[in-house]
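First the structure, in the form of structure tokens, and then the observations on it.
Protein chains: 2
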Amino acid sequence: MTAPGFFKRTLTKPDGRLLLLYGRQPIMDGLVATQPLGDAPAPANPHLRWHPLRGEWVAYAGHRQNRTFLPPPEFNPLAPTQHANNPTELPAGNYDVAVFENRFPALVAGAHDPPAGVVDTRPAQGACEVVVFTRDPSSSLGKLPLDHLELVLEVWADRTAELGARDDVKYVFPFENRGVEVGVTLQHPHGQIYAYPFVPPIPALELELQKQHLQSTGRGLLHDVINNELRDSRRLLYRGAEAVAFMPAFARYGYEVWVAPLQAVPSLTLLSAAQRRDLARALKTVLLKFDGLWQRPFPYIMAIHQAPSDGEEHLEAHVHFEFYPAFRMQNRLKYLAGSEMGAGVFMADSVPEDKVKELQAVEVRLE
Amino acid sequence: MTAPGFFKRTLTKPDGRLLLLYGRQPIMDGLVATQPLGDAPAPANPHLRWHPLRGEWVAYAGHRQNRTFLPPPEFNPLAPTQHANNPTELPAGNYDVAVFENRFPALVAGAHDPPAGVVDTRPAQGACEVVVFTRDPSSSLGKLPLDHLELVLEVWADRTAELGARDDVKYVFPFENRGVEVGVTLQHPHGQIYAYPFVPPIPALELELQKQHLQSTGRGLLHDVINNELRDSRRLLYRGAEAVAFMPAFARYGYEVWVAPLQAVPSLTLLSAAQRRDLARALKTVLLKFDGLWQRPFPYIMAIHQAPSDGEEHLEAHVHFEFYPAFRMQNRLKYLAGSEMGAGVFMADSVPEDKVKELQAVEVRLE
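These protein sequence lines map, in sequence, to chains A and B.
According to my numbering, the first sequence holds residues -6 to 360 in order.
According to my numbering, the second sequence holds residues -6 to 360 in order.
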């Protein structure tokens, strides 16, 4: 952990899985890693198969069908353990953020040989980690104090560095699925990190287009997008000294918002302390506006796109957050249907210039 | 209408929209095109904006937020008109299938100039049509008699030919969204056709990979996939003289099924009568297995991928149906979340060799 003011402790669970505890204060001694009771998951055979008509890998992990599904509060596996006879994934203690290896991983270090088949296959190497944002089951990413949110950013950076250093990892992807509307099976505030053994198709396409733009103009593509948004100003939600939040002019989802450092930092690991601080402010602004819009937790997918961990420099990359909200208007879900899923063309019912006004009208207080 | 045994009549609605009626019998004279009462939709400004980081067009159509949403049966706009004072989109009559221009189109012929913005824009040219599969609100695509299903195939071919001949149309995409689980707002059995002014990203990628395979091997890519599936045989659901249905070894969805002619016919317009007949049998088999699996209507997205309508020959193309079911197991929806939507990597909880057995076990009777 390089960032001053943050603390980290590394533990190992009884079943061998990694457990990392992070804090704004030094983490107390004597913490012992726990895990829920019950049988270990059935033997996994995670593997990848090549989809020849889409040119992408598909991940298969048969044991995930039985993963924990919306447990009652007393069986929340992400809350700190309260009774020794009912251990959860996390011990009690004074940490703020915890990371551990998913009990039902779709990608695993040292994955064994895949079954021979009629398409190309390969072992599903990589990692699936759970990032618990807080010990408080009733909190949320947006409710965290700013310095706690900064710690989360530092945790993502720490995991990007450590996972990205592995030979079998080419791309580290932190994300959050929030709300039952996007399929969340555990309500405790948490995100996930997938470390893929290849650069996934969506970041790969973004990076390729960013590279082409950099080569032809000498400028960063997202940097240009941000400068256009700053100049136009109609779709801005936050503008700080180091970070910006906006609804892109080309938003595909009704309330899609992007958050990024103003400068083209390729990866979370390269953020300065000032950039991290302002990014936390931008993120908290967006998250509070989301929850304030209808006075209810606002479901979304949050994707962090950054440079691959393939040893190259990736000057074209510009780390950013993309939020894909589940609703297109109050009480109306956005369904991805024929045009979106079968053709790849998003159909929006509204223009960003109108939708952003709803979020702009929500007042938020950061501290 | 070239196919013998099918009949077609062309009408115009009071508001100028096209109405096409198709039948297995000659269509009666004297039918008058109708439309629902009420104000015409607010003026549309459909347009496309370029997403520079994904390299794709996004379609915007502000008036679609107010489109008809799950009306009660007496206001079903897709049922034949029963009372002159309560007209629907369709007249009473002896037709089997009807097609009309969507009242809330996201793509329109002669779309006007898009607003100037900070990203590239263009008019949302093209067409959005509704295909009503039957006059019976309680039927479904799979319940139709085989010759009625053949007619639907011929209707799709007819629209592909007519829309594809337009200068502003480069790709004709017939699809069906089925079930409230995929966002369907009208329960009457129907599909849609989008005619895009460009080749959409997903078919474009498929075609590019098919072209590369054809150039390097001299064989069709889907043709090779099909032959591998026939040889392996574990994932087959239907095997006729001219058509096949199978769960691909690289299925991304739990119950994903593909249906295709055995030979590499590029487009629906080029199907022989024998191919169309056997495709109808393959489709009906799959649809009845879907509905028989849990004895309930089975929600899915059905996408038809075929050659572009750009005047080129497209020997690499091989028309096929891809079904993306909404459920990954009984009562459990498949949510597309962080990995799928943010990275482009599908995570399957099961392997096709297991899932296909559930569908194989469902017995169906075609006639």
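Heads up, the beta-carbon is just placed ideally off N, CA and C, and yes, glycines get one too.
Determine whether the beta carbon atoms of residue i and residue j lie at a separation below 8 angstroms.
{"i": "residue 159 of chain A", "j": "residue 41 of chain A", "result": "no"}
{"i": "residue 231 of chain A", "j": "residue 191 of chain A", "result": "no"}
{"i": "residue 311 of chain A", "j": "residue 259 of chain A", "result": "yes"}
{"i": "residue 82 of chain A", "j": "residue 18 of chain A", "result": "no"}
{"i": "residue 123 of chain B", "j": "residue 92 of chain B", "result": "yes"}
{"i": "residue 236 of chain B", "j": "residue 253 of chain B", "result": "yes"}
{"i": "residue 247 of chain B", "j": "residue 318 of chain B", "result": "yes"}
{"i": "residue 343 of chain B", "j": "residue 55 of chain A", "result": "yes"}
{"i": "residue 110 of chain B", "j": "residue 296 of chain A", "result": "no"}
{"i": "residue 84 of chain A", "j": "residue 173 of chain A", "result": "no"}
{"i": "residue 98 of chain B", "j": "residue 39 of chain B", "result": "yes"}
{"i": "residue 148 of chain B", "j": "residue 45 of chain A", "result": "no"}
{"i": "residue 211 of chain B", "j": "residue 203 of chain B", "result": "no"}
Under the assumption that residue i contacts residue j (Cβ atoms under 8 angstroms), give the Cβ distance between them as a whole number of angstroms.
{"i": "residue 120 of chain A", "j": "residue 146 of chain A", "result": "So it is not a contact: roughly 19 angstroms between Cβ atoms."}
{"i": "residue 329 of chain B", "j": "residue 329 of chain A", "result": "7 angstroms"}
{"i": "residue 90 of chain A", "j": "residue 125 of chain A", "result": "7 angstroms"}
{"i": "residue 266 of chain B", "j": "residue -4 of chain B", "result": "7 angstroms"}
{"i": "residue 228 of chain A", "j": "residue 346 of chain A", "result": "7 angstroms"}
{"i": "residue 134 of chain A", "j": "residue 169 of chain A", "result": "7 angstroms"}
{"i": "residue 261 of chain A", "j": "residue 153 of chain A", "result": "5 angstroms"}
Taking just the CA atoms, how far does residue j sit from residue i?
{"i": "residue -6 of chain A", "j": "residue 67 of chain A", "result": "At residue -6 of chain A the pLDDT is 49, less than 50, meaning the model places this residue with poor confidence and gives no usable figure here."}
{"i": "residue 323 of chain B", "j": "residue 348 of chain B", "result": "12 angstroms"}
{"i": "residue 292 of chain B", "j": "residue 175 of chain B", "result": "7 angstroms"}
{"i": "residue 43 of chain A", "j": "residue 233 of chain A", "result": "43 angstroms"}
{"i": "residue 107 of chain B", "j": "residue 314 of chain B", "result": "33 angstroms"}
{"i": "residue 47 of chain B", "j": "residue 339 of chain B", "result": "18 angstroms"}
{"i": "residue 130 of chain B", "j": "residue 251 of chain B", "result": "26 angstroms"}
{"i": "residue 196 of chain A", "j": "residue 360 of chain B", "result": "48 angstroms"}
{"i": "residue 215 of chain A", "j": "residue 334 of chain A", "result": "25 angstroms"}
{"i": "residue 223 of chain B", "j": "residue 79 of chain B", "result": "52 angstroms"}
{"i": "residue 178 of chain B", "j": "residue 64 of chain B", "result": "8 angstroms"}
{"i": "residue 294 of chain A", "j": "residue 118 of chain A", "result": "24 angstroms"}
{"i": "residue 200 of chain A", "j": "residue 336 of chain A", "result": "22 angstroms"}
{"i": "residue 187 of chain B", "j": "residue 95 of chain B", "result": "10 angstroms"}
{"i": "residue 2 of chain B", "j": "residue 290 of chain B", "result": "31 angstroms"}
{"i": "residue 103 of chain A", "j": "residue 13 of chain A", "result": "20 angstroms"}
{"i": "residue -2 of chain A", "j": "residue 245 of chain A", "result": "38 angstroms"}
{"i": "residue 287 of chain A", "j": "residue 354 of chain A", "result": "12 angstroms"}
{"i": "residue 11 of chain A", "j": "residue 21 of chain A", "result": "18 angstroms"}
{"i": "residue 16 of chain A", "j": "residue 4 of chain A", "result": "14 angstroms"}
{"i": "residue 238 of chain A", "j": "residue 279 of chain A", "result": "7 angstroms"}
{"i": "residue 326 of chain B", "j": "residue 171 of chain B", "result": "14 angstroms"}
{"i": "residue 144 of chain A", "j": "residue 151 of chain A", "result": "10 angstroms"}
{"i": "residue 155 of chain B", "j": "residue 162 of chain B", "result": "10 angstroms"}
{"i": "residue 49 of chain B", "j": "residue 194 of chain B", "result": "7 angstroms"}
{"i": "residue 138 of chain A", "j": "residue 350 of chain A", "result": "26 angstroms"}
{"i": "residue 166 of chain A", "j": "residue 316 of chain A", "result": "14 angstroms"}
{"i": "residue 9 of chain B", "j": "residue 249 of chain B", "result": "39 angstroms"}
{"i": "residue 226 of chain B", "j": "residue 128 of chain B", "result": "38 angstroms"}
{"i": "residue 308 of chain A", "j": "residue 277 of chain A", "result": "28 angstroms"}
{"i": "residue 341 of chain B", "j": "residue 53 of chain A", "result": "5 angstroms"}
{"i": "residue 221 of chain A", "j": "residue 255 of chain A", "result": "12 angstroms"}
{"i": "residue 88 of chain A", "j": "residue 77 of chain A", "result": "18 angstroms"}
{"i": "residue 281 of chain B", "j": "residue 358 of chain A", "result": "55 angstroms"}
Given that residue i touches chain D, what residues does it touch there, using C-beta distances under 7 angstroms?
{"i": "residue 330 of chain A", "result": "Going by chain labels, chain D is absent from the structure shown, which instead holds the protein chains A and B."}
Which of the residues in the region 209 to 220 of chain B, read from start to end, lie with their CB under 9 angstroms from any CB of chain A? Those would be 214, 215, 217, 218, in chain order.
Any residues in the region 232 to 254 of chain A with a beta carbon nearer than 7 angstroms to a beta carbon of chain B? Which ones, in chain order? Sequence-ordered contacts of the region 232 to 254 of chain A with chain B read 242, 243, 245 [C-beta pairs closer than 7 angstroms].
Which complete alpha helix (DSSP H) runs does the region 67 to 143 of chain B hold, if anything under 4 residues is left out? Restricting attention to alpha helix (DSSP H) runs no shorter than 4 residues, the region 67 to 143 of chain B encloses none.
What runs of the alpha helix (DSSP H), each 4 residues or longer, lie entirely inside the region 266 to 337 of chain A? Uninterrupted alpha helix (DSSP H) stretches at least 4 residues long and entirely within the region 266 to 337 of chain A occur at 266 to 286, given in chain order.
For the region 129 to 149 of chain A, list every residue whose C-beta sits within 8 angstroms of some C-beta in chain B, in sequence order. So nothing in the stretch comes that close.
What ranges does the beta strand (DSSP E) occupy inside the region 201 to 279 of chain A, keeping only unbroken runs of at least 3 residues that lie completely in it? Those beta strand (DSSP E) runs which fall completely within the region 201 to 279 of chain A and span 3+ residues are 229 to 232, 236 to 239, 250 to 254.
Using a Cβ cut-off of 8 angstroms, which residues of the region 90 to 107 of chain B contact any Cβ in chain A, in chain order? Shown in chain order are the members of the region 90 to 107 of chain B whose Cβ falls below 8 angstroms from a Cβ of chain A: 99.
Please name the residues in the region 181 to 202 of chain A whose beta-carbon is closer than 7 angstroms to at least one beta-carbon of chain B, in chain order. If the cut-off is 7 angstroms between Cβ atoms, the region 181 to 202 of chain A has 185, 187, 189, 193, 194, 195, 196, 198, 199, 202 near chain B.
Closer than 7 angstroms between beta carbons: that is the criterion. Which residues of the region 111 to 128 of chain A meet it against chain B? From the region 111 to 128 of chain A, only 111, 112 have a Cβ closer than 7 angstroms to chain B.
Compile a chain-ordered list of the residues in the region -1 to 25 of chain B whose CB is closer than 9 angstroms to at least one CB of chain A. If the cut-off is 9 angstroms between Cβ atoms, the region -1 to 25 of chain B has nothing near chain A.
Just by C-beta distance, which residues in the region 309 to 320 of chain A are closer than 8 angstroms to chain B? Result list: 315, 317.
Got a sec: which bits of the region 277 to 298 of chain B sit with their beta carbon under 9 angstroms from any beta carbon on chain A, in order along the chain? Result list: 294, 295, 296, 297, 298.
Identify each residue in the region 38 to 49 of chain A for which the Cβ-Cβ distance to at least one residue of chain B is less than 7 angstroms, and report them in chain order. From the region 38 to 49 of chain A, only 42, 43, 44, 45, 46, 47, 48, 49 have a Cβ closer than 7 angstroms to chain B.
Using a Cβ-Cβ cut-off of less than 8 angstroms, give me the residues of the region 334 to 355 of chain A that come near chain B, in sequence order. Cβ contacts with chain B come from 334, 335, 336, 337, 338, 339, 340, 341, 342, 343, 344, 347.
Which residues, taken in chain order from the region 150 to 168 of chain B, show a beta carbon closer than 7 angstroms to some beta carbon of chain A? Only those residues of the region 150 to 168 of chain B whose C-beta falls short of 7 angstroms from the nearest C-beta of chain A are listed: 166, 168.
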